[in-house]
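Protein chains in written order, with the numbering used here: chain A, 4 to 115; chain B, 69 to 180. Glycine included, every Cβ here is placed at the ideal spot set by N, Cα and C. Working notes, structure below.
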């Protein structure tokens, strides 16, 4: 186990709704990265937070936003959900922004 | 944008046979990482390669990073049923800071 936890494990939402996913990083890690993994594909980088500030962003629209808290836990918020947002959302923590990333178990989101 | 391609997409082998997956990037990478994801699980870090031409071994697994730092391979000798899963490479582009770009993965199935 990596020590990275995510909640909830599963979630069902309807199109247009908003969702918040949570991640607790491994002890001692100050960086959290979020990824979206569609079925049968590799994870796609959404963004990274380092010491409470966004520290890089992938090709995702602004309705994907995030936060990092002083204890380095993090949230991913998605507004105006679309059917294509159905995926496994993974967070990964690391000691520094470019160090080895340790993934949590993920949150499986289904948008109906 | 940066693309990381992996081949093959799927591989069926008989237990005891060897297996290789190849990873190619459209741009020069600062480093490349390999992950294994079991069915229903999350990516688990295997190794990171940084130097041009680097070769690293972990028991039956051999990882190589190309001289041009644009390609990599993972070779498993004498596969076992415990090797089943999807193997992903993930690269960091030299001037893209913290963004990790994953390949599409190679799904390995091992027949006992």
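Measure the C-alpha to C-alpha separation of residue 88 of chain A and residue 111 of chain B and round it to an integer number of angstroms.
-> 20 Å
Local conformation of residue 12 of chain A per DSSP, three classes | coil
Give me whichever residues DSSP pairs with residue 78 of chain A in a beta bridge.
-> A:25, A:70
Between the Cα of residue 154 of chain B and those of A:32, A:41, A:20, A:45, spot the shortest distance and give me the residue it belongs to.
-> A:45
Check the Cβ-Cβ distances between residue 58 of chain A and every residue of chain B, and say whether any is below 8 Å.
-> yes
Starting from residue 76 of chain B, find everything on chain A with Cβ-Cβ shorter than 9 Å and list it in chain order.
-> Those within 9 Å of residue 76 of chain B in chain A number zero; the least Cβ separation is about 14 Å.
By the criterion of Cβ-Cβ separation under 8 Å, what are the contact partners of residue 168 of chain B in chain A?
-> 36, 48, 104
Is there at least one Cβ from chain A nearer than 8 Å to residue 131 of chain B's Cβ?
-> no
CB contact flag (residue 110 of chain A, residue 14 of chain A, <8 Å) = yes
Using beta-carbon positions only, say whether residue 92 of chain A and residue 32 of chain A come within less than 8 Å of one another.
-> no
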